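Chains A and B supply the protein sequences, listed in that same order.
The first sequence begins at 2 in the numbering used here and counts up one residue at a time.
The second sequence begins at 2 in the numbering used here and counts up one residue at a time.
Don't be surprised by glycine CBs; every beta carbon is placed ideally from N, CA and C.
Values in this document were obtained by computation on a predicted structure and should not be read as measured data.
Encoded as C-alpha cells, the structure appears first; notes follow it.
There are 2 protein chains.
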Amino acid sequence: MNTGTQSMWERFKQRYIEYPTLGLSIDTSRMNYDEAFVTSMKPRLDRALEAMAELERGAIANPDENRMVGHYWLRAPELAPTVEIRREIENTVAAVKEFARAVHDGQVKGAAGTFKNVLLIGIGGSALGPQFVANALGRPKTDRMKMFFFDNTDADGMDRVLDELNGELGRTLCIVISKSGGTKETRNGMVEAQAAYRAIGLDFDAHSVAVTGTGSNLDKTASKWLKRFPMWDWVGGRTSETSAVGLLSAALQGVNIDELLAGAKTCDALTREKKLTNPAILLAVSTFYSGNGTGSKAMVILPYKDRLDLFSKYLQQLVMESLGKEKDLNGKVVHQGLTVFGNKGSTDQHAYVQQLRDGLNNFFALFIEVLRDREGSSLEVEPKTTTGDYLFGYYLGTRQALFENDRESVTLTIRDVSPFSIGVLIALFERFVGLYAHLIGINAYHQPGVEAGKKAADAVIALQGQILARLAKAAGTAEQIASDLRADPEIVFKICEHLAANPERKLNRMAGAKPFMAVYKAG
Amino acid sequence: MNTGTQSMWERFKQRYIEYPTLGLSIDTSRMNYDEAFVTSMKPRLDRALEAMAELERGAIANPDENRMVGHYWLRAPELAPTVEIRREIENTVAAVKEFARAVHDGQVKGAAGTFKNVLLIGIGGSALGPQFVANALGRPKTDRMKMFFFDNTDADGMDRVLDELNGELGRTLCIVISKSGGTKETRNGMVEAQAAYRAIGLDFDAHSVAVTGTGSNLDKTASKWLKRFPMWDWVGGRTSETSAVGLLSAALQGVNIDELLAGAKTCDALTREKKLTNPAILLAVSTFYSGNGTGSKAMVILPYKDRLDLFSKYLQQLVMESLGKEKDLNGKVVHQGLTVFGNKGSTDQHAYVQQLRDGLNNFFALFIEVLRDREGSSLEVEPKTTTGDYLFGYYLGTRQALFENDRESVTLTIRDVSPFSIGVLIALFERFVGLYAHLIGINAYHQPGVEAGKKAADAVIALQGQILARLAKAAGTAEQIASDLRADPEIVFKICEHLAANPERKLNRMAGAKPFMAVYKAG
C-alpha cells in the first residue's frame with residue numbers, strides 16, 4: 002500500500018462522498034483531475050442541468066423524433082407535464098401490481114394451473130433491463146416465478162428455452178414487449194411461442210400479455226390476450242426499465258417494485274441538484290476528463306458482485322446507443338461515443354485485468370462495491386476471514402494495482418443489491434448519460450444508425466424471396482441468379498449458402514471447383 | 002445494397018476463403034487492406050510461424066516463467082516433445098472418458114443416487130472455457146448432467162447457486178479446478194461447498210474430483226476424493242480448454258470430446274501452414290492492419306447465435322490477458338493490448354450497434370455466422386421466411402451498414418455449433434493470439450500484471466486481521482486505528498466500512514459528522 006501518504010488520505014476525504022438517502026457513495030479520488038477542473042466545468046454543467054430540467058417539464062428533448070423524454074416521470078408521476086400522463090403512469094403501476102397479485106393468487110392462471118414461469122419475449126430495451134433486474138434481484142428460493150427470455154430471432158436459441166420449459170407451458174405466462182409493436186425479432190419470438198403452445202393444444206392468447214403502444218400491431222394482436230399494458234412514445238426503449246416494460250416482469254418475479262421506483266425517484270431528486278457533489282455530475286465530469294469529451298477512453302464496468310454481472314450489458318445499451326452519434330446538435334460530424342464493457346470482479350482479475358494494468362491505457366474503471374456480503378452470516382475460510390473479505394480485498398487490490406500504473410478509476414459503493422439500490426443505479430446512469438450528452442452537445446434520445454441495418458436486412462429478406470422464385474424455375478450459380486435479378490452477387494451467394502445449409506429449405510448445392518461456382522437447385 | 006458493383010464481387014471472391022475440412026470460411030473483403038499489405042507482412046508472418054513451430058517442438062516459449070507452451074499437444078499428443086508427456090495426455094483423455102462413463106452409468110454415484118448435476122468450482126481459465134463450452138453445446142433435453150458454477154469468491158453468488166441445487170447435493174458432483182492449487186477464490190468456493198455438503202450430513206470427499214497440478218495443495222486435499230486429474234505447467238489457464246480443465250466437465254455434460262479435440266487438431270494442422278490463406282494469419286493480419294499493430298482499435302465479437310454469447314468473455318481472457326503487456330520481448334515499454342468485447346447479434350443491434358455505425362470508429366467487427374438455423378425444421382413467420390432468415394438478414398444488414406460508414410469487419414462462417422466447430426474456433430483463436438503476439442513482439446504466455454492485484458489484496462486481508470485485533474482492545478476512528486497500526490487510513494476506513502456492513506462481524510459503526518469521523522467498536 003504505497004499510497005498511504007497523508008496527502009492521498011486528505012484527497013480521499015475530499016473526494017469520497019456519501020449519500021445516506023441513496024445508500025450510495027462515490028469515490029473520485031482515483032481520477033487525476035483537480036478541483037479547478039470541476040469548477041471550470043460548472044457553467045456547462047449548470048446549463049446541462051437546466052436543459053434536463055426543461056426536458057423534465059415536458060420540452061421536446063428529442064428534436065429528430067419530435068418527442069418528449071419522460072422516463073423521470075415514471076417514478077414521480079406528479080412531475081408529469083399533464084394530468085393525463087400522470088394518471089396513465091399511476092394507473093399502469095397499479096395495473097401491474099394488481100395483475101401480478103392476481104397471477105400469484107391464481108385468479109389468473111394457465112391451462113395447467115397457477116403460473117410458475119414467465120417467458121418474456123422482447124429485444125434490446127425490451128429485454129436488457131428486465132434481464133438485468135431479474136438477475137440482480139432474483140432469489141431461487143423465494144421468487145414467485147421463474148424467468149425465461151426470448152431476446153433474439155435465433156431459432157435454436159428459442160428451441161433451447163422451450164426445451165427448458167418442456168411440459169410447463171401450461172403454467173408459463175408470456176409477456177410480449179415491443180413499443181412499436183413492429184419489432185421483427187419479437188414478432189418472430191411470438192410466432193414461435195404461439196406454435197409451441199398450439200403444438201400441445203394450448204391457447205396462446207390465454208397465456209399471454211402484451212406491453213406495447215396503444216394502437217400498434219401488437220396491441221391489436223393482443224386484444225384477446227389476458228391483459229395489455231401501455232408503452233408511451235415519451236419513453237425510450239433504453240430508459241424503459243421503470244415503465245411496464247421492466248416493472249411487469251419484476252413484479253411477477255416477486256420484486257418489490259415500489260422500492261425500485263422509490264430508489265429511482267430518490268436518486269432523481271438528488272441528481273437534479275446544481276451541486277458539484279451531485280453523483281451524476283461527478284460521473285459525467287470523470288468521464289469527460291478521462292476521454293477529454295471525445296470518448297477516447299472506454300468505461301470498464303467492474304462490479305464486485307455476481308448479481309451485477311449483467312449491468313455492463315445493460316449499460317452498453319444505455320450509454321453506447323445514447324452517446325454513439327455521428328453528429329452533434331449543430332449537425333457537425335463528430336463521431337461521438339463512449340465504449341462500455343465489463344463483467345464482474347474478481348473473475349475479471351483472472352481475465353482481462355492484466356491488460357488493464359499493464360497494457361493499453363485506453364479506459365477508466367468504474368468499480369461497483371457492495372458492502373453486504375450475503376444475507377446470512379459467513380463461515381471463516383481462514384481465521385477471521387470470509388469469502389466476502391476476499392472479494393472485498395480483490396476489489397481494493399485491483400483498484401490499487403491500477404492506480405499504481407496510472408490507470409484511473411471511480412468507485413460506486415452500495416450497501417446491498419436490493420430493489421431500492423437497483424432503482425438508484427438505474428436512475429443515476431440515466432441522469433449521467435443525459436448530462437454527459439449535454440456536455441458533448443449531442444442528442445442522447447434517438448438512434449438513427451440503427452435504421453440502416455434494419456433496412457439492409459429487409460432488403461436481404463426481400464431478395465431471398467426473389468431468389469427462391471427464380472430458383473423455382475431453374476438452377477443457377479450465384480452469379481447467374483444475380484444477373485437475372487440485377488442483384489448483388491455477393492448477397493445472392495450468402496443467401497443461397499444460408500438456405501442450402503438448412504435441409505428443410507430443399508435447396509441443393511452442387512459444389513464447383515471454387516465456392517462461387519456452386520450451382521443451387523430447388524429440389 | 003450499394004456495394005453490388007462488379008469490383009466488390011471480385012474482391013469478395015478473392016477474399017472469401019473456404020476451409021472444407023474445418024467447416025469454416027473467412028471473409029476479409031470488408032477489411033480495407035490490399036494484397037500488397039499482406040504480402041509485405043509475409044516475412045514477419047513466416048518468422049512468427051517458425052517461432053510457433055519451435056514452441057510446438059517444446060522450446061521454452063514463456064521465458065519469464067521458464068516454461069514450455071504445449072496446449073497444441075493436447076489434441077495431438079504424438080507431437081509432444083517427450084514420450085512421457087504424450088502418455089500423460091493420452092492417459093488423461095482416457096481417464097476423463099472412463100470417469101464420465103462411470104458417472105453416467107451410475108458406477109460412481111452420490112449419496113442420493115446417480116449424479117445429475119456438476120458444480121464446477123474454478124475461476125478465470127478454470128471456468129471461462131468450461132462455461133463457454135457448456136453454454137455453446139448444452140442441450141437441456143439430452144444433456145447427461147446439468148452444469149453449475151462457482152466462478153468467484155462472492156458469498157451471495159454461491160448462496161444463489163446452492164439455492165438452485167437445494168435438495169440435490171447428494172446427486173451433485175463437484176469439480177474443483179486450480180492449476181496451482183492455491184487460487185484463493187477457488188479455495189473459498191471449495192470451503193463453502195464443503196460446508197454446504199456437511200450441513201446436510203453429506204461427505205464432500207465422496208462427491209468431488211479435482212483438476213490440479215501434481216503435488217499442489219489441492220492435489221493433497223483431494224487425495225481422498227473420487228478422482229484427481231492432472232494439470233501441467235506447460236498448459237496456461239487461458240489455453241486449457243482442451244486439457245482436463247475443459248474436457249472433464251464437457252464429457253460429463255455429454256459433449257463428444259473426441260469431436261472437440263478433432264476440431265482443434267484439424268484447425269491446428271491447417272493454421273500451421275505458411276500460406277497467406279491460413280485463417281489464423283488472416284485474423285492476425287486484419288487485427289494488425291486495423292490498429293496498426295498498436296491495438297488502437299478494439300475487436301468487437303458479434304456472433305449471430307445465442308449459443309455463442311459467452312464467446313466474447315472467453316476471448317476477452319484469451320486475447321487481453323495474452324496481449325495486454327507493458328513490455329515487448331526486448332524489455333521496451335510498449336503498453337500493448339487488444340480490447341475485446343461483444344455479446345450477440347441481432348440483440349446488439351438494439352444495444353450498441355448505433356455507436357458502432359455512427360460513433361467512434363475505434364474498432365473492427367468480427368462477425369460469426371452460423372449457417373444452420375436449428376436442429377429441426379422451421380415454421381414460416383412470413384411466406385417462405387423463417388426466424389433464422391431474419392437472424393441471417395440482420396447479420397448481413399449490420400455488416401453492410403457498418404461497411405457503408407467505413408467500419409471494417411471480418412466474418413467467420415461455420416456450418417453449425419458442434420463439438421467439432423467449437424474445437425476449431427478455440428484452436429483458431431489460440432493460433433491467432435500466438436501469431437499476433439509475435440507480430441507485435443510480446444510474450445503472450447505470462448501475466449505479470451495480475452500478481453500486483455493479488456499482492457495488494459493479500460495486504461488488505463492481512464491488515465484486516467490487524468484491525469480486528471486492534472479493535473478488540475479499544476474502539477477508534479479509521480485515522481486512530483491507522484495511526485496505531487502505521488497503516489494507510491484510507492484502506493483502514495474501507496475495511497472498517499465493509500466489516501461494519503456485515504452484522505455477523507459485530508463491528509458497530511457510530512456515525513460522526515462526516516463519514517471519516519465514524520467510530521468503530523467491536524461489539
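**Request:** Output yes if chain A places a C-beta closer than 7 Å to the C-beta of glutamine 401 (chain B); else output no.
**Result:** Sequence index remark: in the second sequence, residue 401 (chain B) carries index 400 (1-based). Yes, glutamine 401 (chain B) lies at the interface with chain A (some Cβ there is under 7 Å from its Cβ).
Pull out every residue of the stretch 10-37 of chain B whose Cβ sits closer than 7 Å to any Cβ of chain A, in chain order.
Trp10, Phe13, Lys14, Tyr17 and Glu19
Using the Cβ count rule (16 or more neighbours within 10 Å means buried), how would you classify asparagine 3 (chain B)? Along the second sequence, read from residue 1 onward, the residue named residue 3 (chain B) stands at position 2. The predicted position of asparagine 3 (chain B) is uncertain, since its pLDDT is 41 and thus under 50; a value taken from the coordinates is nonetheless stated next. Classification for asparagine 3 (chain B): exposed.
### Task
Please list the residues of the stretch 424-452 of chain A that have a C-beta atom closer than 8 Å to any C-beta atom in chain B, keeping them in chain order.
Gln448, Pro449, Gly450 and Val451
Helix, strand or coil: how does DSSP classify serine 209 (chain A) here?
Walking along the first sequence from the start, residue 209 (chain A) turns up at place 208. Strand at serine 209 (chain A).
Q.
Going by DSSP, what residue range makes up the alpha helix (DSSP H) through glycine 450 (chain B)?
A. Against the second sequence, residue 450 (chain B) aligns to sequence position 449. Looking at the DSSP string, the run of the alpha helix (DSSP H) that includes glycine 450 (chain B) is 449-474.
### Message
Tell me the residue span of the beta strand (DSSP E) that contains alanine 525 (chain B).
### Response
In this structure chain B extends from 2 to 524, so residue 525 (chain B) is not present and cannot be described.
Discussion item. Spatial neighbours of leucine 324 (chain A) within its chain, please: C-beta separation below 8 Å, excluding the five flanking residues on both sides.
Written reply: On the first sequence, residue 324 (chain A) is found 323 positions in, with the first residue counted as 1. The answer, listed in chain order, is Gly296, Gln337, Gly338, Leu339, Val434, Tyr437, Ala438, Ile441, Ile443 and Ala445.
For threonine 267 (chain A), would you say it is in contact with chain B, using Cβ-to-Cβ distances shorter than 7 Å as the test?
For the purposes of this step, residue 267 (chain A) is taken as residue 266 along the first sequence, with counting starting at 1. Under the Cβ distance rule, threonine 267 (chain A) does not count among the residues neighbouring chain B, no pair being separated by less than 7 Å.
- Message: Does the CB of threonine 478 (chain B) have a neighbour CB from chain A at under 7 Å?
- Response: As a position in the second sequence, residue 478 (chain B) is number 477, starting the count at 1. When Cβ-Cβ separations below 7 Å define contact, threonine 478 (chain B) makes no contact with chain A.
Original post:
Do the stretch 132-146 of chain B and the stretch 247-255 of chain B make contact, defined as three or more Cβ pairs closer than 8 Å?
Top reply: yes
Mark arginine 471 (chain B) as exposed unless 16 or more other C-beta atoms lie within 10 angstroms of its C-beta, in which case mark it buried. As a working mapping, residue 471 (chain B) is identified with position 470 in the second sequence. Buried, since its Cβ has 16 or more Cβ neighbours within 10 Å.
**Prompt:** Do you know whose CA, among A:Glu55, A:Gly71 and A:Asn67, lies nearest alanine 428 (chain A)'s CA?
**Reply:** The residue given as residue 428 (chain A) occupies position 427 in the first sequence. It is A:Gly71 whose Cα lies nearest to the Cα of alanine 428 (chain A).
Could you check where the alpha helix (DSSP H) with glutamate 431 (chain B) kicks off and where it finishes? Walking along the second sequence from the start, residue 431 (chain B) turns up at place 430. Under the DSSP assignment, glutamate 431 (chain B) falls in the alpha helix (DSSP H) whose first and last residues are 420-441.
task: Please list the partners that asparagine 167 (chain A) has in chain B, where partner means a Cβ-to-Cβ separation under 8 Å.
output: Position 166 of the first sequence, counting from 1, holds the residue named residue 167 (chain A). Those are Pro141 and Lys142, listed as they occur along chain B.
Please confirm whether glutamate 505 (chain B) has its beta-carbon closer than 7 Å to some beta-carbon of chain A. Counted from its first residue, the second sequence places residue 505 (chain B) at position 504. With 7 Å as the cut-off, glutamate 505 (chain B) counts as an interface residue toward chain A.
How about histidine 105 (chain A): is its C-beta nearer than 7 Å to some C-beta of chain B?
Taking the first sequence and counting its residues from 1, the one referred to as residue 105 (chain A) is at position 104. So no, histidine 105 (chain A) is outside the interface.
**Q.** arginine 92 (chain A), buried or exposed, once every other Cβ within 10 Å from all chains shown has been counted against 16
**A.** As a position in the first sequence, residue 92 (chain A) is number 91, starting the count at 1. Per the sequence shown, residue 92 (chain A) should be read as asparagine rather than arginine. Per the 10 Å Cβ criterion, exposed.
Extent of the continuous alpha helix (DSSP H) run through tyrosine 198 (chain A)
Residue mapping note: residue 198 (chain A) aligns to position 197 of the first sequence, counting from 1. Residues 185-200.
Starting from threonine 386 (chain A), follow its DSSP beta bridges and name the residues at the other end.
Start at 1 with the first residue of the first sequence, and residue 386 (chain A) comes out as number 385. A:Glu383.
Worksheet entry | When B:Ala207, B:Thr222, B:Ile201 and B:Ala519 are compared against isoleucine 188 (chain B), the one with the closest alpha-carbon | Counting from 1 along the second sequence, the entry for residue 188 (chain B) is found at position 187. The identity of residue 188 (chain B) in the sequence shown is arginine, whereas the question assumes isoleucine. If we check each option's Cα against that of arginine 188 (chain B), B:Thr222 comes out closest.
*asked:* Less than 7 Å between the beta carbons of lysine 306 (chain A) and aspartate 155 (chain B), yes or no?
replied: One-based indexing of the first sequence puts residue 306 (chain A) at position 305. One-based indexing of the second sequence puts residue 155 (chain B) at position 154. The criterion of a C-beta distance shorter than 7 Å is satisfied by lysine 306 (chain A) and aspartate 155 (chain B).
Original post:
Taking Cβ-Cβ distances shorter than 8 Å, what residues in chain B pair up with arginine 188 (chain A)?
Top reply: As a position in the first sequence, residue 188 (chain A) is number 187, starting the count at 1. Val382, listed in chain order.
In chain order, which beta strand (DSSP E) runs of at least 3 residues are fully inside the stretch 337-377 of chain A? Fully enclosed beta strand (DSSP E) runs of 3 or longer: 341-343 and 364-371.
query = Which first and last residues belong to the beta strand (DSSP E) in which arginine 161 (chain B) is found?
reply = By one-based count along the second sequence, residue 161 (chain B) stands at place 160. Careful: arginine 161 (chain B) lies outside any beta strand (DSSP E), inside the alpha helix (DSSP H) at 156-165.
Using the C-alpha atoms, what's the distance from methionine 232 (chain A) back to lysine 515 (chain A)? Taking the first residue of the first sequence as position 1, residue 515 (chain A) is located at position 514. Taking the first residue of the first sequence as position 1, residue 232 (chain A) is located at position 231. Distance between the alpha carbons of lysine 515 (chain A) and methionine 232 (chain A): 52 Å.
Could you name each continuous alpha helix (DSSP H) segment of 4 residues or more that falls completely within the stretch 68-148 of chain B, going from the start of the chain to the end?
Those alpha helix (DSSP H) runs which fall completely within the stretch 68-148 of chain B and span 4+ residues are 84-106 and 129-138.
- Considering lysine 522 (chain A), what are the terminal residues of the beta strand (DSSP E) in which it resides? Locating residue 522 (chain A) in the first sequence gives position 521, where the first residue counts as 1. Counting along the chain, the beta strand (DSSP E) containing lysine 522 (chain A) begins and ends at 520-523.
* To do: Return yes when the Cβ of alanine 299 (chain A) is within less than 7 Å of the Cβ of phenylalanine 364 (chain A), no when it is not.
  => Locating residue 364 (chain A) in the first sequence gives position 363, counting from the first residue. Locating residue 299 (chain A) in the first sequence gives position 298, counting from the first residue. Yes, these two residues count as a Cβ contact at 7 Å.
Rounded separation between valine 212 (chain B) and phenylalanine 430 (chain B) - CA only = Position 211 of the second sequence, counted from the start, is the residue given in the question as residue 212 (chain B). Position 429 of the second sequence, counted from the start, is the residue given in the question as residue 430 (chain B). Note on geometry: alpha-carbon atoms of valine 212 (chain B) and phenylalanine 430 (chain B) lie some 24 Å from one another.
Exercise for review: State buried or exposed for threonine 40 (chain B), treating a residue as buried only when at least 16 other CB atoms are found within 10 Å of its CB.
Suggested key: Numbered from its first residue, the second sequence carries residue 40 (chain B) at position 39. Threonine 40 (chain B) should be labelled exposed.
Worksheet entry | Nearest to lysine 266 (chain A) (by Cα), restricted to the options A:Glu242, A:Ser250 and A:Ala285 | Here residue 266 (chain A) refers to the residue found at position 265 of the first sequence. When each option's Cα is compared against that of lysine 266 (chain A), the closest is A:Glu242.
contact_flag[the stretch 141-150 of chain A, the stretch 74-87 of chain A] where n(CB pairs < 8 Å) is 3 or more:
no
Label lysine 507 (chain A) either buried or exposed according to how many other C-beta atoms from any shown protein chain fall within 10 Å of its C-beta, with 16 as the threshold for buried. As a working mapping, residue 507 (chain A) is identified with position 506 in the first sequence. So lysine 507 (chain A) counts as exposed.
Using a C-beta cutoff of 7 Å, does glutamate 327 (chain B) count as contacting chain A? Here residue 327 (chain B) refers to the residue found at position 326 when the second sequence is read from its first residue. It does: the Cβ of glutamate 327 (chain B) has a partner Cβ on chain A nearer than 7 Å.
Margin query: Mapping the DSSP letters down to three states, classify methionine 32 (chain B) as helix, strand or coil.
Written below: Taking the first residue of the second sequence as 1, we reach residue 32 (chain B) at position 31. Three-state DSSP puts methionine 32 (chain B) in coil, outside helix and strand.
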